[in-house]
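Q:
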Amino acid sequence: RPNGKNINHNVGALHPETCAKEVRKRGADLGIALDGDADRIIMIDEKGNQIDGDAIMALCATRMLRAKSLRRRTLVTTVMSNLGLERAIEEDGGKLLRCNVGDRYVVDAMRQKGLNFGGEQSGHLIFLDHATTGDGLVAAMQVLAILLREGRPLSELASEAMQRVPQVLVNVTLPDRRALQELPKTSRAIARAEKSLGKNGRVLVRWSGTEPKLRVMIEGPKQDRIEAMANGIAAEAKREFKLAR
136 RPNGKNINHN VGALHPETCA KEVRKRGADL GIALDGDADR IIMIDEKGNQ IDGDAIMALC
196 ATRMLRAKSL RRRTLVTTVM SNLGLERAIE EDGGKLLRCN VGDRYVVDAM RQKGLNFGGE
256 QSGHLIFLDH ATTGDGLVAA MQVLAILLRE GRPLSELASE AMQRVPQVLV NVTLPDRRAL
316 QELPKTSRAI ARAEKSLGKN GRVLVRWSGT EPKLRVMIEG PKQDRIEAMA NGIAAEAKRE
376 FKLAR
């Protein structure tokens, strides 16, 4: 039961599996999982599959492109959004503008460039024509409107909206934060991964904004290959900090 302190405990956008279980149990058409202040949303299709912020952005932005309502034909998202989202937008004649992680950076980029739609993979979605910040209910209504117009289940629409590229994220806790230029072996491992993937993937290595944790994100066509690359970069970082041989 709610007690004023357990607002996100095992429920909502942070734990969408709870909503997915209820959708399957009740045979619902879809589920809507919001976080405690309702500025994040994860949706659940009729089969119980989770539809994250990237998939929702792909679904809404492609429709906005076709309706010529996406300003400057540009969607704003962060460096963490899947490469599949970028490809989906480009296939519909649009552009993807990436910014730092955090919904405030998304909003800042939108306002600076005069754009009207952006968001994060985590489910922060901002429709500036309807709200001044992320609003899960506004986002849900946009998706529901698409479902009503097209008369198709969410599972079909979401699966067609974008083809997700395999993605892996490895977090490495280290003694302190150092510029990547001060970690030559790690930098060389990053460069090798980038060269190996070419245009078929992405490599993003950045420090957490709140703790000495290095985040290694790689996307590419084969899951086992990108996992090996990410773990290799993480291992080099540990060695440079004398945490591994």
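Take 136 as the starting number for the sequence shown in my numbering and just add one per residue. All C-beta atoms, glycine included, are put in the ideal place defined by N, C-alpha and C.
Counting C-beta neighbours from all protein chains within 10 Å, is the total for residue 345 16 or more, i.e. buried, or is it exposed?
A: The residue labelled residue 345 in the question sits at position 210 within the sequence shown. Flag for residue 345 reads exposed.
Q: Rounded to whole angstroms, what is the Cα-Cα separation between residue 271 and residue 289?
A: Residue 271 sits at position 136 when you count from the first residue of the sequence shown. Residue 289 sits at position 154 when you count from the first residue of the sequence shown. Their Cα atoms are separated by approximately 17 Å.
Q: If we ignore side chains and look at the alpha-carbon of each, how far apart do residue 247 and residue 225 end up?
A: Your numbering for residue 247 matches position 112 in the sequence shown. Your numbering for residue 225 matches position 90 in the sequence shown. Distance between the alpha carbons of residue 247 and residue 225: 22 Å.
Q: Going by beta-carbon coordinates alone, are residue 171 and residue 142 separated by less than 8 Å?
A: One-based indexing of the sequence shown puts residue 171 at position 36. One-based indexing of the sequence shown puts residue 142 at position 7. It is a contact, given that the beta carbons lie within the stated cut-off.
Q: Rounding to the nearest angstrom, what Cα-Cα distance links residue 183 and residue 199 in this structure?
A: Counting from 1 along the sequence shown, the entry for residue 183 is found at position 48. Counting from 1 along the sequence shown, the entry for residue 199 is found at position 64. If you take the alpha carbons of residue 183 and residue 199, they lie about 26 Å apart.
Q: For residue 327, which of helix, strand or coil comes out of DSSP?
A: Walking along the sequence shown from the start, residue 327 turns up at place 192. Reduced to three states, the DSSP call for residue 327 is helix.
Q: So who's on the other strand from residue 168, going by DSSP bridges?
A: Taking the first residue of the sequence shown as position 1, residue 168 is located at position 33. DSSP output for residue 168 lists 177 as bridge partner(s).
Q: Going by other Cβ atoms of all chains shown within 10 Å of its Cβ, with 16 needed for buried, is residue 265 buried or exposed?
A: By 1-based counting over the sequence shown, the position of residue 265 is 130. Classification of residue 265: exposed, given that the 10 Å Cβ count is below 16.
Q: Would DSSP call residue 185 helix, strand or coil?
A: Here residue 185 is taken as the residue at index 50 of the sequence shown, counted from 1. Three-state result, residue 185: strand.
Q: From residue 304 to residue 273, what does the alpha carbon distance come to, in whole angstroms?
A: Counting from one through the sequence shown, the residue named residue 304 turns up at place 169. Counting from one through the sequence shown, the residue named residue 273 turns up at place 138. Going from the Cα of residue 304 to the Cα of residue 273 covers about 30 Å.
Q: So if DSSP puts residue 339 in a beta bridge, which residue, or which two residues, is it bridged to?
A: Stepping through the sequence shown from its first residue, residue 339 is reached at position 204. Answer is 352, bridged to residue 339.
Q: Mapping DSSP to helix, strand and coil, what is residue 286?
A: Looking up residue 286 in the sequence shown gives position 151. In the structure shown, residue 286 sits in coil (DSSP, three-state: anything other than H, G, I, E or B).
Q: Taking the DSSP output, what are the residues bridged to residue 306?
A: By 1-based counting over the sequence shown, the position of residue 306 is 171. In the DSSP output, where bridge partners are listed per residue, residue 306 has 350.
Q: Given a cut-off of 8 Å, decide if residue 326 and residue 368 are closer than it, judged by their beta-carbon atoms.
A: Here residue 368 refers to the residue found at position 233 of the sequence shown. Here residue 326 refers to the residue found at position 191 of the sequence shown. No, these two residues do not count as a Cβ contact at 8 Å.
Q: If I measure Cβ to Cβ from residue 207 and keep anything under 8 Å in the same chain, skipping five residues before and after, which residues do I get?
A: Looking up residue 207 in the sequence shown gives position 72. Only 230, 248, 249, 250 meet the Cβ criterion.
Q: Thinking just about the alpha-carbon of each residue, which of 306, 336, 221 is nearest to the one in residue 212?
A: Residue 212 sits at position 77 when you count from the first residue of the sequence shown. The residue with the shortest Cα to Cα distance from residue 212 is 221.
Q: According to the Cβ coordinates, are residue 163 and residue 181 closer than 8 Å?
A: Taking the sequence shown and counting its residues from 1, one reaches residue 163 at position 28. Taking the sequence shown and counting its residues from 1, one reaches residue 181 at position 46. Contact flag set, yes.
Q: Locate the beta strand (DSSP E) running through residue 233, then write down its first and last residues.
A: Start at 1 with the first residue of the sequence shown, and residue 233 comes out as number 98. Segment 230-234, the beta strand (DSSP E) holding residue 233.
Q: For residue 334, which option in 356, 160, 245 has the closest C-alpha, if you only look at C-alpha atoms?
A: Along the sequence shown, read from residue 1 onward, the residue named residue 334 stands at position 199. Among 356, 160, 245, the Cα nearest to that of residue 334 is on 356.
Q: Would a C-beta distance cut-off of 8 Å place residue 174 and residue 259 closer than the cut-off?
A: Within the sequence shown, residue 174 is the residue found at index 39, counting from 1. Within the sequence shown, residue 259 is the residue found at index 124, counting from 1. Yes.
Q: If we cut at 8 Å on Cβ distances, does residue 363 have a partner in chain C?
A: The question asks about chain C, but that chain is absent: this structure has only one protein chain.
Q: Tell me residue 259's beta-bridge partners as DSSP assigns them.
A: Your numbering for residue 259 matches position 124 in the sequence shown. Answer by DSSP bridge pairing, in chain order: 175.
Q: Have a look at 245, 136, 188 and flag the residue whose alpha-carbon is nearest the alpha-carbon of residue 149.
A: The residue labelled residue 149 in the question sits at position 14 within the sequence shown. Measuring from the Cα of residue 149, the nearest candidate turns out to be 188.
Q: How big is the Cα-Cα spacing for residue 166 and residue 322?
A: As a position in the sequence shown, residue 166 is number 31, starting the count at 1. As a position in the sequence shown, residue 322 is number 187, starting the count at 1. Straight-line Cα distance between these residues: approximately 43 Å.
Q: Around the C-beta of residue 197, are 16 or more other C-beta atoms found within 10 angstroms, so that it is buried, or is it exposed?
A: Mapped onto the sequence shown, residue 197 falls at position 62. By the neighbour-count rule (16 or more Cβ atoms within 10 Å), residue 197 is buried.
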